[in-house]
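Structure first, commentary second.
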Amino acid sequence: MSFPPRYPWNGFPPVSIHASESAVKTHPMYPASKSGDPDAAFVLVNHLVSLTVIEELTKNYASAQPILVSAHAVESSGVNAIPAALAELLEEKTGFESDTDVVQINVVSHTGAGGMHRMAHQAMFDGTIVKDRNYLLVDDFIGQGGTLANLRGYILSQGGRVVAATVLTGKPYSAKIGLEIETLQRLREKHGEDLENWWLGKFGHGLDCLTESEARYLEKIESFESIRHRIIEAEQG
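Position 64 of the sequence shown, counted from 1, bears residue number 1450 in my numbering, the numbering being contiguous throughout.
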């Protein structure tokens, strides 16, 4: 079985979020953008992108000269045009180069899905990565952060480096994507080696590669057996 690669976080910075969920989801161009209309997506991101975030990204990463790489996700209604539109705008504003070769190669239908569905159906990527170059991840939304984690993992597995990530929207608490040591310790104390070993066999990576939101979600579930049952159920759903 082929697993999407993941790696421990090693102090990865918080994800930069441009706009609130309500501002994005109530925008008149949002439905068409999500369904693949590039013109609608261009209008959407131009209206809602944060100049403060752009300035921070430019200041913090200009010396790294990262390549902007977006997650081209296939939704039930079409190819989501928002990540590519955001990357295009960021290229214009920051002067960073933008990648168009890396693509998501499976359909995961994360939009509107619950936490277990998101973890059971993980995004996989393909495309050319320039070895030893820095990359900056771009997506439309962060929930649990799994898609960004897998995109980062793919880039690292191909010899690239990932310095940061930015999204158009998401809840503020989701910005903390890198797993905290204390959260990992609590998860291991609650569910023990059973979860660790099963997760490694099921998804190809240890619990230390989870995002902060994924780990907190699993920590709240009453038992390892319940986690296993709910993951298997989500796979079949």
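The beta carbon of each residue, even a glycine, is placed where N, CA and C say it ideally should be.
Residue i, DSSP secondary structure in three states
i: residue 1596; result: coil
i: residue 1622; result: helix
i: residue 1398; result: coil
i: residue 1423; result: coil
i: residue 1432; result: helix
i: residue 1514; result: coil
i: residue 1453; result: strand
i: residue 1490; result: strand
i: residue 1578; result: helix
i: residue 1624; result: Residue 1624 lies beyond the range of the chain shown here (1387 to 1623); nothing can be said about it.
Buried or exposed (CB count within 10 angstroms, at least 16 for buried), residue i
i: residue 1556; result: buried
i: residue 1437; result: exposed
i: residue 1486; result: exposed
i: residue 1452; result: buried
i: residue 1540; result: buried
i: residue 1433; result: exposed
i: residue 1612; result: exposed
i: residue 1514; result: exposed
i: residue 1517; result: exposed
i: residue 1571; result: exposed
i: residue 1469; result: buried
i: residue 1474; result: buried
Cβ pair residue i, residue j closer than 9 angstroms
i: residue 1457; j: residue 1523; result: yes
i: residue 1428; j: residue 1454; result: no
i: residue 1639; j: residue 1393; result: Here the chain has residues from 1387 to 1623 only, and residue 1639 is not among them.
i: residue 1511; j: residue 1424; result: no
i: residue 1553; j: residue 1406; result: no
i: residue 1560; j: residue 1528; result: yes
i: residue 1567; j: residue 1588; result: no
i: residue 1537; j: residue 1488; result: yes
i: residue 1467; j: residue 1506; result: no
i: residue 1526; j: residue 1410; result: yes
i: residue 1548; j: residue 1398; result: yes
Rounded straight-line distance, which links the Cα of residue j to that of residue i
i: residue 1412; j: residue 1578; result: 43 angstroms
i: residue 1484; j: residue 1477; result: 6 angstroms
i: residue 1582; j: residue 1503; result: 19 angstroms
i: residue 1545; j: residue 1575; result: 34 angstroms
i: residue 1615; j: residue 1445; result: 46 angstroms
i: residue 1564; j: residue 1479; result: 27 angstroms
i: residue 1431; j: residue 1471; result: 7 angstroms
i: residue 1400; j: residue 1443; result: 12 angstroms
i: residue 1621; j: residue 1449; result: 43 angstroms
i: residue 1408; j: residue 1584; result: 38 angstroms
i: residue 1490; j: residue 1420; result: 15 angstroms
i: residue 1569; j: residue 1600; result: 10 angstroms
i: residue 1610; j: residue 1508; result: 20 angstroms
i: residue 1388; j: residue 1435; result: 36 angstroms
i: residue 1519; j: residue 1591; result: 24 angstroms
i: residue 1396; j: residue 1605; result: 21 angstroms
i: residue 1440; j: residue 1580; result: 43 angstroms
i: residue 1500; j: residue 1542; result: 27 angstroms
i: residue 1603; j: residue 1573; result: 10 angstroms
i: residue 1619; j: residue 1558; result: 29 angstroms
i: residue 1415; j: residue 1404; result: 16 angstroms
Cβ-heavy atom distance, residue i to the ligand GTP, below 8 angstroms
i: residue 1488; result: What this structure holds is no ligand at all, so the ligand GTP is not there to describe.
C-beta neighbour in chain C for residue i, strict 9 angstroms
i: residue 1490; result: In the structure shown, chain C cannot be found, because there is only a single protein chain.
*contact_flag[the region 1527-1547, the region 1593-1602] where n(CB pairs < 8 angstroms) is 3 or more*: Yes: the two stretches touch, three or more of their Cβ pairs being nearer than 8 angstroms.
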